[in-house]
Each structure stands twice: as structure tokens, then as C-alpha cells.
Amino acid sequence: MDSREEKELVKKAQADPEAFGRLYDEYYPKIFGYVLRRTASLEMTQDVVAETFLKALKNLPRFKWIGLFKNNSSFGAWLYRIAANEIVNFWRQKKPSLPLDDVREPESGGNLLEEISLAQEKLERHQDFLAVQREIQSLPEKYQAVLTLRFFEEKQIKEIAEILDKNEGTVKSLLHRGLKRLRDRLPPAEH
Amino acid sequence: MREEDLIQRLNKIERPEIELPAQRQKLRRVLLRQYDRPPSFGLAWPVLPVALALAVFLVWVFQPSVFPRTDVALAKEIALQDARVRSLIDRGAIIKETELADNKGYLLVQLAESRPAAAEGSVFFSIREQGSPSSLGPTPAVFLVEVDFRGKKVSDLKEVPNPLSSFSPAEEEVIKAISQQSDVVKKEVPFEAEIKEIQPIHSQLKLVKKGSRVEVKPEKEAVIIYKQDNKEWQGKINLGSSRVEKIEFLGEGDQ
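Protein sequences appear in the order of chains G and L. The opening residue of the first sequence carries number 1 in this note's numbering; numbering runs sequentially from there. The opening residue of the second sequence carries number 1 in this note's numbering; numbering runs sequentially from there.
Quick look at the structure:
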């Protein structure tokens, strides 16, 4: 999906569910992956992702294409920002606005429980990732956000600056200090 | 560990690529169902209590000046609190009429005691006895009271003159025409009877609203005397309504 097409979809999505559905299909895997790699919790990821898209849907009329984000991934950057905020909200135990049981509850004939069980097994096989992720999660939130976006989501400094609404110099500084703190905590890798 | 080594390690890490397709589909349906819901107040809710408080405050502050209660009952209530009006009422005056215009109330207050006893029931008696309408007795004193709703006070009180005006020739022609066309006159007064005289009488004063102003206007009335031989009839004609209001046989007079 190119920038122009995405811009049209965002505009149409204010009234057209199909347009929002297409944006959702495009960004769900990215946002789900980001939240999971940030939290390492499937349960929390489901809640945060649901809340992220609900807030995006509700706030679509207030989304400004020009001004806040200027590159081609502006809508995506907006979603990442909502997700990052929702992660912090979740950790602060803020009540979700969406009845999440609706989303979690398995449908008749559905395979959500089995799906979660398999996904949990798959996640636990990434022991090296989980060890690093645990240490990142023990850092202050500002370092977690920068390190995760940079190394797990492979975002460029400019993109991280847009998502976190900080200037590039601040992001570089946070990245440098975050790496320094992480280096002191991480045990040597096993080869 | 050097920073470069850490960066290298982080870049090499195998990241979990996990998806929950069933959850993804379910969330999609839940989200798209939101389009069918009625629009919520959104940001209006936090603003609502403030807006309500502001509205109540504004009404409380400006109610007397911006949205004054302007009704007849309030006009009378305010007028009766004025010492001058109270004095008139104590002397037997009555509030004859009330009008409202431009945030003001107008009351026509008439002193009943000044009305001549003989004229109370009929003007005819006076004319016949006195012989001249100009000696009908003292004119009932009438006062116009102006009430200011904003200030909640009587802003003006003045006596309204009610002169006994004479009729112009044109008005006399109108009176004659009313008389000739009246069925009551045709029935009570012989066709041969002539109009002996036309005289004005003390008129009833009326409040007349003109746009944002209220004026006091007399309702012109005339007494008309018919005569045939030595018999006389007397009629009362209202020029405002163009009607003969009453006709009465006065009896036989001197030749």
C-alpha cells in the first residue's frame, strides 16, 4: 500500500468500515509483533492491540496527516505511538475501554485457545530473545521503547523519533544510554 | 562487553514472529461493529459538567437583565410596591388596563371616586338634567404608570388628561351616518325625528400598543339627541366601533 492509497483509506475509514478493515489488515501484524516483542506476554499483547486499534478507530477524525508525521509511514507511526502509550497504560493498570472479553472469548468452533497455547510454546523457544527482553523490560520505560523499536522492530532513528514524538538527537542519546545500561546487565551470550 | 558487541548481538537475535489469526479475525469483527453503534459523546463528556455549570452561572447572573420576567402579573406586583400607586389604590383607584412593550409594563389606573355619581349608570340622565354635556361633572382622574422590569420599579407616573374635545364637521358626518344606518335607531326613533344636537362625552381611555410604544388614546364617544315635535330620544355612539351602543326615549319636553 503506497502513501497516497493509505491517505485515502484513512480519510474513508472515518465512515467506511471496509476502509478501516484494510488498514487493520495492513497494520495488525506489525502492531501485534511490536507489542509482543515489547511485553513478551501474549495475554497483554491481545489486550493492548485491541485497545490500540479501538483508540485509532475512535480518534480517526482527529488524525492529522500533515504536521505530526511527514514521512510515508505516518499512519503506521501513529499506530505505533498509540500502542506504546497503551503498553504504559497497561502497566499502570488502566482499565481498558473495550470489553476485552468479547475479543478473548473463543467463538463456537473457533480455535483461539489452542492458537494461544501453540503461540506460547513458540514464544518460549526463543530463549535468547526472552533473556534480552527481560533485561530491557527492567530498564526505565524511555529506554525500553527506544531499544525495542531500534533492534526488535528495526526502525530507523528518524522513524523512532516520529513514533515517540522526540527529536532525533534525543533518540540517539536515549539509545546510547539504554545500550550502556543493558550492557551492564546482560550476561555474556552462550555460543 | 563493548557497545559494538551488544549491538551485534541484538541485531542477530532471532525474534519471535507470532500471530494469532483467530484473535485477529475476532478483533476485526469487534472493531467494525463499532461503526454500527450510535456516535458517542467522546470528548463532550469531560466538558459537559463545565458547560452546564457555566450555563447555570450565566442564567443566574444575567437573568434579571437579559431574560427579565415581563408579564402582566409582575407589572402589577411592581406597581403596587410604589408608594404613589399604593396611595391611589387606597383612595379607591382601580387598574383598568395593562400593556407590555420593550421590557416595560404600562398600567392605566383610574380613580373610581372621581366619577360623578349621576354618570355612573348612564350619561343620558346628566345631559337631560344638566342640559349640557360640558357640565357632566368632574372627569375621572386617570393615571398612566410605567413599570421598568429591569429596574423592578415604577419609572414614571403621570396623570392623563382626558379633554372633552369637540367634533370636527367630518366627524359629525360620520356620527350621522352611523346613526342613519343603525337598526336600533330605526326601530326606536321615528323616521321623522331630526337630530337636534351632537355632543362629545367623556371618553374611556384605552392603552394602545404601537410597536415598542404604548400610548393612551381616548375612545371617542358622542351623545346624539333626536327630536320629533316635543319628544326626545338620546343615543350613545362609539366612533371607534362605529356602533350605536344605546338608545333611550327621554320623554316629552317643553315646546
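Think of the CB as a built atom: it goes at the ideal place given N, C-alpha and C, for glycine as much as any other residue.
Which residues DSSP lists as bridging residue i, in chain order
i	result
Phe249 of chain L	L:Trp233
Val145 of chain L	L:Leu107, L:Leu157
Arg213 of chain L	L:Lys210
Val48 of chain G	For Val48 of chain G, which the question treats as bridged, DSSP gives no partner whatsoever.
Arg33 of chain L	Paired residues: none, contrary to the question.
Val256 of chain L	There is simply no residue 256 of chain L to check, as chain L begins at 1 and stops at 255 in what is shown.
Val223 of chain L	L:Gln199, L:Lys236
Interface flag, residue i vs chain L, CB-CB below 8 Å
i	result
Asp47 of chain G	no
Phe69 of chain G	Reliability of the predicted coordinates at Phe69 of chain G is poor, the pLDDT of 49 falling under 50, and the value obtained from them is presented with this limitation in mind. So no, Phe69 of chain G is outside the interface.
Val171 of chain G	no
Tyr223 of chain G	Chain G is shown from 1 up to 191; residue 223 of chain G falls before or after that span and cannot be answered.
Asn111 of chain G	yes
Tyr28 of chain G	yes
Ala119 of chain G	yes
Glu8 of chain G	no
Asp128 of chain G	yes
Leu57 of chain G	yes
Ala50 of chain G	yes
Lys155 of chain G	no
Lys12 of chain G	no
Pro140 of chain G	no
Leu164 of chain G	no
Lys122 of chain G	yes
Ile160 of chain G	no
Residue burial classification, residue i (beta-carbon count within 10 angstroms, cutoff 16)
i	result
Gln180 of chain L	exposed
Ile136 of chain G	buried
Ser212 of chain L	exposed
Leu23 of chain G	buried
Ser242 of chain L	exposed
Lys210 of chain L	exposed
Trp91 of chain G	exposed
His199 of chain G	Because chain G is modelled from 1 through 191, residue 199 of chain G falls outside the range shown and cannot be assessed.
Phe152 of chain G	buried
Three-state secondary structure assigned by DSSP to residue i
i	result
Pro140 of chain L	coil
Asn111 of chain G	coil
Ala101 of chain L	strand
Lys196 of chain L	strand
Pro218 of chain L	strand
Glu93 of chain G	Residue 93 of chain G is actually Gln in this sequence, not Glu. Note: Gln93 of chain G maps to coil in three-state DSSP.
Ile94 of chain L	strand
Gln144 of chain G	helix
Leu295 of chain L	Outside the displayed range of chain L (1 to 255) lies residue 295 of chain L, so it cannot be described from this structure.
Gln228 of chain L	strand
Residue i and residue j closer than 8 Å at C-beta
i	j	result
Gln14 of chain G	Gln23 of chain L	no
Asn238 of chain L	Glu248 of chain L	no
Leu186 of chain G	Leu139 of chain G	no
Ile225 of chain L	Glu215 of chain L	no
Ile78 of chain L	Val147 of chain L	yes
Pro218 of chain L	Ser166 of chain L	no
Ile7 of chain L	Leu179 of chain G	yes
Arg38 of chain G	Thr148 of chain G	yes
Ile18 of chain L	Lys30 of chain G	no
Short CB-CB distance (under 8 Å) between residue i and chain G
i	result
Glu14 of chain L	yes
Asn11 of chain L	yes
Ala73 of chain L	no
Gln81 of chain L	no
Ala22 of chain L	yes
Ile7 of chain L	yes
Near the ligand ZN: residue i beta-carbon under 7 Å from a heavy atom
i	result
Pro61 of chain G	The ligand ZN is not among the ligands present in this structure, which contains no ligands whatsoever.
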